[in-house]
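If you're matching positions, the sequence shown starts at 5 in the working numbering and goes up one per residue.
In this text, a Cβ means the ideal position worked out from N, Cα and C, and glycines have one as well.
Source: prediction; values computed, not measured.
One structure is given below, encoded as C-alpha cells.
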Amino acid sequence: MECEIILNPEQISVTLDQEDKQALQDIKSILGQSGLFAGLLSATHVLSWMDKEIGIVAIGNEEWLDLAKTIANSNRLTLLGAQKASAAQYSRHSTRGTPEQARFWANFQSIITRVIKGQCK
C-alpha cells in the first residue's frame with residue numbers, strides 16, 4: 005500500500021488516558037462490526053492499548069501502516085464513525101493535552117481522512 009499517512013514520520017511516545025482508551029475501544033468496536041476482524045489483528049498493537057495499564061507507549065511507522073491497512077478496508081460509514089471518535093480526541097488534546105497526545109490523534113485522523121478521500125487503498 006502506497007500512502008503518505010504520517011504527518012510526522014518519527015516515532016511517537018505518548019501516554020494514553022482513560023478517555024483515549026475508551027475512544028480506541030469505540031474505534032475497535034466500529035471496525036469489528038464491519039467484519040474487519042482479520043484486519044484488526046494486524047492493528048492489534050495500536051488498538052490493544054485501551055486494555056493495558058501502561059505508561060508511555062511508542063508508536064512507530066510500522067504500527068501506523070498496519071492500522072492504515074486495516075482502516076483502508078473499511079466502508080465509508082465505518083470510517084465516518086472512526087473519524088468522529090478520533091476528531092474528538094484530537095480536539096481535546098490539542099487544547100488541554102500534551103503535544104504527543106495531539107500528534108497521536110492527528111495521525112489517526114490523517115489515516116482516516118486520506119482513506120475517505122481515496123488516497124490510500
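Just reading off the beta strand (DSSP E) that Ser17 is part of, what are its end residues? 16-19
Can you tell me whether Gln22 is buried or exposed? The criterion is at least 16 other CB atoms within 10 Å of its CB, across all chains shown. exposed
I need the straight-line Cα distance from Val119 to Trp109, nearest angstrom please. 15 Å
Continuous alpha helix (DSSP H) stretch holding Asn111: start and end: 103-120
Do you know offhand how far Ser98's Cα is from Glu66's? Cα to Cα, the separation comes out at about 24 Å.
Nearest to Leu35 by CA position, among Arg100, Ala91, Leu83, is which residue? Leu83
In the DSSP output, which residue or residues are listed as bridge partners for Ile63? Ile16
Quick one: residues in its chain with C-beta nearer than 6 Å to the C-beta of Thr117, no 5 flanking neighbours on either side, listed in chain order? none
Quick one, which of Ser33, Ala92, Ala106, Ile75 has its alpha-carbon nearest Gly122's? Among Ser33, Ala92, Ala106, Ile75, the Cα nearest to that of Gly122 belongs to Ile75.
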